[in-house]
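Single-structure report; data block below.
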Amino acid sequence: MAAAPLIHPVTLIRDTPGYYRDEYHRLWMVLCLGFTSDHPIHNTPGAGITVTLWRVEECCKIPLSYYFPSVTCLPRMWQKYSYFSYSGTDSSFWIIEEHVRIDEVEQLVLQMEDQIGRSTHSVAKPMHPQ
């Protein structure tokens with residue numbers, strides 16, 4: 002029997018730095034952020050962020066204060082814009098790169114676009130020690 006298809010969250014609202022909640026109050030943790038070399042955090046023009054989110058149980062929630070400066074570049078909320086995209090409360094536009102289940106973990110990867118229809122390429126940086 003085939004696995005049930007994954008349904009993208011309609012909204013993801015920041016709960017605490019590095020964590021978001023969807024419309025069903027499920028917890029999503031920022032696992033990894035990827036930045037392009039021309040990201041504004043590097044004091045040069047352009048934008049490019051890839052964020053990997055894992056759906057986790059409440060018991061897995063750990064403080065991410067160490068990573069706080071990095072996660073502040075993410076929007077306070079993502080709202081479903083189309084089947085394949087989200088818009089951020091900061092007017093950013095995000096494409097769903099991947100939404101899969103790996104073993105028991107649901108993973109959602111979003112890629113920020115610098116213009117509608119034009120994604121940027123980034124290098125992933127893990128948010129949590131492995």
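For the sequence shown, the working numbering gives the first residue as 2, with consecutive numbering after it.
Glycine is no exception: its CB is placed at the ideal position from the N, C-alpha and C atoms.
With distance defined between alpha-carbon atoms, name the residue in Ile14, Leu7 and Pro10 nearest to Asp91. Taking the first residue of the sequence shown as 1, we reach residue 91 at position 90. Closest option to Asp91, Cα to Cα, is Ile14.
According to DSSP, which residues form a beta bridge with Cys1? The structure shown does not extend to residue 1, since the chain spans only 2 to 131, so no value can be given for it.
Runs of beta strand (DSSP E) lying entirely within the stretch 83 to 116, each at least 3 residues, in chain order: 86 to 89, 94 to 103 and 106 to 116
Return the CA-CA distance between Glu99 and Phe85, expressed in angstroms with no decimal places. To locate residue 99, count along the sequence shown from 1; it is residue 98. To locate residue 85, count along the sequence shown from 1; it is residue 84. The straight-line gap from Cα to Cα measures roughly 10 Å.
Taking the alpha carbon of Trp55 as the reference point, which residue from Arg102, Gln112 and Glu114 has its own alpha carbon closest? As a position in the sequence shown, residue 55 is number 54, starting the count at 1. The shortest C-alpha separation from Trp55 is found at Arg102.
Assigned exposure category for Val106 - 16 Cβ within 10 Å defines buried: As a position in the sequence shown, residue 106 is number 105, starting the count at 1. So Val106 counts as exposed.
State the DSSP-derived secondary structure class of Gly47, mapped to helix, strand or coil. Position 46 of the sequence shown, counting from 1, holds the residue named residue 47. Because the pLDDT at Gly47 is just 48, under 50, the model does not fix this residue reliably, and the value given afterwards should be weighed accordingly. If DSSP states are grouped into helix, strand and coil, Gly47 belongs with coil.
Got a sec, what are the start and stop residues for the beta strand (DSSP E) Gln14 sits in? Residue numbering aside, residue 14 sits at position 13 when the sequence shown is read from its first letter. Gln is not the amino acid found at residue 14; the sequence shown has Ile there. Thr12 to Thr17 is the extent of the beta strand (DSSP E) around Ile14.
What whole-angstrom Cβ distance do Pro10 and Glu24 have, given they're in contact under 8 Å? For the purposes of this step, residue 10 is taken as the residue at position 9 of the sequence shown. For the purposes of this step, residue 24 is taken as the residue at position 23 of the sequence shown. Their Cβ separation, rounded to whole angstroms, is 6 Å, which keeps Pro10 and Glu24 in contact under 8 Å.
Closest residue to Glu59 among Trp95, Trp29 and Thr12 (Cα-Cα distance): Working through the sequence shown from its first residue, we reach residue 59 at position 58. The residue with the shortest Cα to Cα distance from Glu59 is Trp29.
Alpha carbons only, please: which of Thr37, Gly49, Ile8 and Thr73 is nearest the one belonging to Val31? Position 30 of the sequence shown, counting from 1, holds the residue named residue 31. Minimum Cα distance to Val31 is reached at Thr73.
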